[in-house]
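Let me begin by presenting the structure, written as structure tokens, before commenting on it.
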Amino acid sequence: MKNILLAVCILLGSACLPPSASAAALAPKNEVSRAEYYLREFEKEVSHQHGGAASHYRNKRDAVDRVKRLVQGFPDDPAVKALFQRTRTALLKSKGDYMEITPDMTAYLRNEQEMRERFGRQSKEAWTKKLATVEVLSPAFPAPDPMEVTPSEIIGKHVVIDEVVYPANQFVGATGEYAFAGKPSTGFYFIQLNSRRWLAPYEAVKRFRRQVDASIGDTISFKVLGKITGVVMESPDASQNKKAPFSWGWVVQPDSLYVDGRVMASYDEKHELSGAFVGEEAVNDIKQSWYTVKSVPPDVSPEGLMEIFQSAIKEKNFELYQQCINPARQETPTGQSLVRYHWDLHQERFQRQYVHAVFDKAKIKVVKGHDSRDADENFFLTDSDRSKLVKMAGEMEERATVTSRAFDANGKQVGGKHPHELIRKGGDAGRWYVEDYAARF
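Going by the numbering used here, the sequence shown opens with residue 38, and the numbers climb by one from there.
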């Protein structure tokens, strides 16, 4: 009898062995299936980020908790082990992709910092010298009360206003367009905006931001040196509150604007642009040594053009930036203005959001005209046939889509992939241009 039982056990394998010697305990299939379902949904969410990191994943908690319980209860189950590895992989990917950021990728930041410091020193010296040439009303606040002084005693004097926030403090009043400084308890100054004396130096500051220091931003706090030219009653808050009280304030015609430690710009009626920032004439010469690329090759690939486009932005080479963009997008004043507007946005993003982008291989398609490189048509059609097709279809136009992924200074991917549209006309005889220049990296 014992021999018979032994033979049965040999045939049945581990089924006759005691529990300690039997195969590993298997997790209930329904629990494995539920965990696998939530894990699969979590993996889909991660995949949709294309290497970016989301702030919240809907299925992450359910997937992680279910797989964790299975691992704790059935650590040797092969299906559970597989779920564990998939969960581990998904968690790593959910944090976003990383890459090594090399010094070459951030050279533009160091160059800009050096130039920022250089122009900051020059501007500070120029501002100090400028103030030494005029007698200013001191202190500026509290402002003289127009009801207690004779206006002629104040009009014609210069004043330095330490904090004029523009465009936040801009308003259009009954007597003109102004930026206000002060408050009812200390008195107001109304800096006149609708004249060249403001517009020229302000445009110079914008050029400085575009060419030298993108970190200044759109809302700027200025020190303003100007001449008091009159006194008016205005309500800076009238546009927001029709019942806002009116107050007397001194009208100031600006002469120079100073962003503390950054840039000084002044009105100059003899200057071609009616104004300039300190050191403006030297900017182009300084930046020439930065440029790693100075022109666009006629045979540039779509991916190569995007690399050059990125370099132009990072190295503040506005002319090269324009060379990358479809000329048709720059033919009108509105088009030129939009090109400059998005240049400013790109500058800010490469300062505050990311430092480098990489590009995937382009996907190219013919959207118009006859494709002379079509292998099937070239096999079957004669030269005469192809000539007729060219006449009927017109000039060939191609579109390319190049996706980018941007990374911050720590090497972490910022967001997901972003498509960039490029255009080429005339086939290989033409050149690729960036069509969608507004797209972020």
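In this text, a Cβ means the ideal position worked out from N, Cα and C, and glycines have one as well.
If we call anything under 9 Å between Cβ atoms a contact, is residue i one with residue j?
i, j, result
"E68", "R106", "yes"
"S284", "F225", "yes"
"G88", "G453", "yes"
"A394", "A443", "yes"
"G298", "K161", "yes"
"G286", "A211", "no"
"I198", "G263", "yes"
"V268", "I228", "no"
"N354", "V330", "yes"
"E317", "F259", "no"
"Q248", "V202", "no"
"V451", "T143", "no"
"E352", "Y145", "yes"
"V5", "P339", "Not covered by the structure: residue 5. The range shown for the chain is 38 to 478."
"V196", "V289", "yes"
"G133", "A90", "yes"
"C204", "D255", "Before going on, a small fix: residue 204 reads as Pro here, not Cys. Result yes, Cβ atoms of P204 and D255 sit closer than 9 Å."
"P273", "N206", "yes"
"T124", "V104", "yes"
"E306", "R233", "yes"
"A241", "F314", "yes"
Starting from residue i, follow the alpha helix (DSSP H) in both directions and report where the run begins and ends.
i, result
"F121", "115-131"
"H383", "370-389"
"A144", "144-169"
"Q360", "355-361"
"H85", "66-85"
"Q290", "That residue, Q290, is in no alpha helix (DSSP H); its beta strand (DSSP E) goes 284-296."
"V403", "Careful: V403 lies outside any alpha helix (DSSP H), inside the beta strand (DSSP E) at 400-405."
"V101", "97-110"
"A349", "339-351"
"S189", "188-191"
Hey, how far is the Cα of residue i from the Cα of residue j?
i, j, result
"M343", "R153", "27 Å"
"R477", "A216", "32 Å"
"T223", "F178", "6 Å"
"S131", "E151", "37 Å"
"T266", "P188", "10 Å"
"H379", "S332", "20 Å"
"A58", "F121", "For A58, the predicted structure reports a pLDDT of 39, less than 50, and the residue's modelled location is therefore unreliable. A value from the coordinates is still provided. C-alpha separation (whole angstroms): 25 Å."
"T419", "V404", "23 Å"
"E172", "Q388", "39 Å"
"S92", "Q86", "11 Å"
"Q384", "I253", "11 Å"
"D114", "Y328", "59 Å"
"S441", "D182", "59 Å"
"A62", "F111", "6 Å"
"I401", "I460", "9 Å"
"D445", "S84", "20 Å"
"P65", "Q109", "13 Å"
"S175", "W164", "17 Å"
"S466", "E82", "According to the sequence as given, residue 466 is Ala; it is not Ser. Each residue's Cα considered, the two are about 43 Å apart."
"E434", "L294", "48 Å"
"M136", "D397", "15 Å"
"P370", "D336", "29 Å"
"I323", "D422", "56 Å"
"A349", "E356", "8 Å"
"Q367", "K194", "45 Å"
"K220", "S326", "48 Å"
"L54", "A116", "Caution is warranted here: a pLDDT of 43 is assigned to L54, below 50, making its placement in the model unreliable, and the coordinate value is therefore given only provisionally. Going by the C-alpha atoms only, they are around 23 Å apart."
"T139", "H455", "22 Å"
"Y94", "L128", "11 Å"
"A437", "K462", "11 Å"
So the beta strand (DSSP E) residue i belongs to, where does it begin and stop?
i, result
"M270", "257-271"
"Q207", "207-209"
"R461", "450-462"
"A437", "434-444"
"I253", "First-last for I253: undefined, no H or E at that position."
"V196", "195-203"
"V320", "Where V320 is concerned, there is no enclosing beta strand (DSSP E), although the alpha helix (DSSP H) it sits in stretches over 320-325."
"I491", "Past the boundaries of the shown model lies residue 491; the chain is included only from 38 to 478, so the question cannot be answered."
"F217", "214-220"
"S303", "300-304"
"V395", "393-396"
"G312", "312-314"
Worksheet entry | Three or more C-beta pairs below 8 Å linking the stretch 89-105 and the stretch 67-75 | yes
Worksheet item: Pairing CB atoms from the stretch 354-365 with CB atoms from the stretch 466-474, are three or more of them under 8 Å?
Response: yes
Worksheet item: Are at least three pairs of beta-carbons, each pair with one atom in the stretch 226-242 and one in the stretch 308-318, less than 8 Å apart?
Response: Yes, since at least three Cβ pairs between the stretch 226-242 and the stretch 308-318 fall closer than 8 Å, the two stretches touch.
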